[in-house]
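Taking it in order: structure first as structure tokens, then the write-up.
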Amino acid sequence: MQNLLRLLLKYNFQITFIILEVIALSMVLRVNPLPNSRSFQLMEGFHAAVYGTLNRLGSYAGMRGENQRLVLENARLKYRLAQFEEPSGAAVMPVMGIDSLDYDLIPARVINHSVNKAFNYLTLDRGYSHGVKADMAVIGPDGIAGVVRNVSARYCTVISVLNPEFRASVKLLRSDFFGSLQWNGGSYMKARLVEIPSHAPVAPGDTVVTSGFSAIFPEGEMVGTVETIDLTPSGSFYDIRLAMSQDMKKLRYVYIVRNFHQQEVRNLEALTDE
Amino acid sequence: MNRELIRYILRFVLVVLVQVLVLNNLQFSGYINPYVYVWFILVLPFDTPGWLVLILAFFLGLGIDLFPQGISGPGSSLGIHAAATVFLAFMRPYVLNWIGSREERDSRYIPDAVHLGWLLFAGYVMIMAGMHHFMLFTIEEFSFRHLLRVLFRTLLSTFFTGILILIWEAIRPSGPK
């Protein structure tokens, strides 16, 4: 017993280190060593409260700019709505042309997001009780923002465009050649567009929009503009750098796209693949 | 003694506030995040008991953890800074042993620029900040798959943390007597 005490005293530094490090790491891994520990809950509560307060303060500070953007967006939407209305103004006819998108939009507020991590995510204040499902597209006022990953009753998390796991099928607006959008770290305003064949006409400043192929994003949503153009080593494809139109740092309000035909398209494609 | 205690308490609060209110909101690029708060642990007096340094480090890290880092995602969680800073405190005596001269060690001796000299202090800061940042980014990414990126972030951020600490040492009113 005495030997044990002497040993503990002798190595008090190392033992304190191990104890504190285990506590810290278990917090990181959300392993709660004392499930009903009051202090642990208090700390988690404080953490959440600080997040909430700063988020609210941030919303107030950005109110003016946010308002302007909303007004602009409203104008744009009204203009689009007018295109769908009958000239007589009698009844609103659903137009089922090739461009018509059989989707609606769920407005949501961004309550948490990152832009400077290796894998970036967003958290939105809409969940399955509002009709949100996994794999729905998320669009900001200036362009695409991500794809819904996990959904709870009132919230959902979104794989940001700024995440190597994010993929979207996009196309050059001018020539309709399509490729794939990727982000592999680095600047949060730049992304890569790959798989555009090298015979496609492309110039810096060209607009890139979603292709509508994945049944996630509707066709024609703004993605960004071409910045620099390189050839891949084999020379048969372009490796294009894009300037993204949506500033992910300024994202406060977004739309979740509910595509009514996504499941049907998926099932049909799965059937064909078999 | 009491004065010293109050000085260190104020200093603790100061570094947490500077870190969470100013430095966490700076964004030079996605790769550079200076964490100057480690300075508090670096310049604790030599005769501070090891267990006390560890406990101070734990609460300092936790203090930083409690505040969101600028714009933060679900990836940031409680305990990351605490773990990295406790590790830093654990390595402190070994690094000091390695670089410091033993003779000068008495209760007045503080491992800052005045006592170590600028060159040695700069080396001390860079080694310690490097270890802390490496731990921090490794825990944050939580896989060795991105080892290269972790190393890259560590190098860049360590450089900036080091420069900021050295500037702070140069301009701050002279340390405790």
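Taken in sequence, the protein lines are chains A and B.
Following this note's numbering, the numbering of the first sequence begins with 42 at its first residue and continues without gaps.
Following this note's numbering, the numbering of the second sequence begins with 930 at its first residue and continues without gaps.
Glycine is no exception: its CB is placed at the ideal position from the N, C-alpha and C atoms.
These figures come from a predicted structure and were not determined experimentally.
- Taking the CA atoms as reference points, serine 1086 of chain B sits about 18 Å from glutamate 1098 of chain B.
- Taking CB atoms only, tryptophan 1097 of chain B has no neighbour in chain A less than 7 Å away.
- Fewer than three pairs of CB atoms, one per stretch, sit closer than 8 Å, so the stretch 237-244 of chain A makes no contact with the stretch 184-202 of chain A.
- The closest CA to that of valine 179 of chain A, considering only A:Ser170, A:Val151, A:Lys158, A:Phe160, is found on A:Val151.
- With contacts defined as CB atoms closer than 7 Å, threonine 1090 of chain B and valine 965 of chain B qualify as a contacting pair.
- Of all residues in the stretch 1053-1082 of chain B, only Ile1068, Glu1070, His1075, Arg1078 come within less than 7 Å of chain A when Cβ atoms are compared, listed by chain position.
- Taking C-alpha positions only, proline 963 of chain B is separated from leucine 952 of chain B by approximately 7 Å.
- Asparagine 931 of chain B and isoleucine 938 of chain B have their alpha carbons spaced roughly 11 Å apart.
- Identification of chain B residues near phenylalanine 219 of chain A by a Cβ-Cβ cut-off of 8 Å yields none; the smallest Cβ-Cβ distance measures about 28 Å.
- Neighbourhood of asparagine 53 of chain A in chain B, by CB distance below 7 Å: Trp980, in chain order.
- By the criterion of a C-beta distance shorter than 6 Å, aspartate 183 of chain A is surrounded in its chain by Ser286, Gln287, once the five residues flanking it on both sides are discounted.
- At a cut-off of 7 Å between beta carbons, phenylalanine 969 of chain B makes no contact with chain A.
- Within the stretch 223-251 of chain A, contact with chain B at the beta-carbon level (separation under 8 Å) is assigned to Gly226, Gly227, Ser228, Tyr229.
- For histidine 154 of chain A, the uninterrupted beta strand (DSSP E) segment begins and ends at 144-154.
- When the five nearest sequence neighbours on each side are left out, the beta carbons in the same chain lying within less than 6 Å of the beta carbon of valine 211 of chain A are those of Leu222, Val249, Thr251, Ser252, Val264, in order along the chain.
- Under the Cβ distance rule, phenylalanine 996 of chain B counts among the residues neighbouring chain A, one pair being separated by less than 7 Å.
- According to DSSP, isoleucine 281 of chain A shares a beta bridge with A:Leu234, A:Ile270.
- For tyrosine 296 of chain A, the enclosing beta strand (DSSP E) begins and ends at 294-300.
- DSSP places isoleucine 970 of chain B in the helix class (H, G or I) of the three-state scheme.
- With respect to valine 156 of chain A, tyrosine 229 of chain A sits close: the two C-beta atoms are nearer than 7 Å.
- In the DSSP annotation of this structure, the continuous segment of the beta strand (DSSP E) that includes phenylalanine 219 of chain A starts and ends at 219-223.
- Using a CB distance below 7 Å, the part of the stretch 186-209 of chain A facing chain B consists of Thr198, ordered along the chain.
- Straight-line spacing of the CA atoms in glutamine 304 of chain A and leucine 66 of chain A works out to 41 Å.
- Within chain B, the C-beta atoms nearer than 8 Å to that of glutamate 62 of chain A come from Ala1012, Val1015, Phe1016, Phe1019, in chain order.
- Contact check for glycine 1008 of chain B and methionine 68 of chain A: beta-carbon distance about 3 Å, within the 8 Å limit, so the pair qualifies.
- In this structure, A:Arg282 is the residue among A:Arg282, A:Asn300, A:Gly276 with its C-alpha nearest to the C-alpha of glycine 227 of chain A.
- Inter-residue distance for alanine 149 of chain A and aspartate 280 of chain A is about 34 Å (C-alpha atoms, whole angstroms).
- One alpha carbon belongs to phenylalanine 160 of chain A, the other to isoleucine 237 of chain A, and they sit about 25 Å apart.
- Secondary structure note for alanine 178 of chain A: its beta strand (DSSP E) is the uninterrupted segment 178-181.
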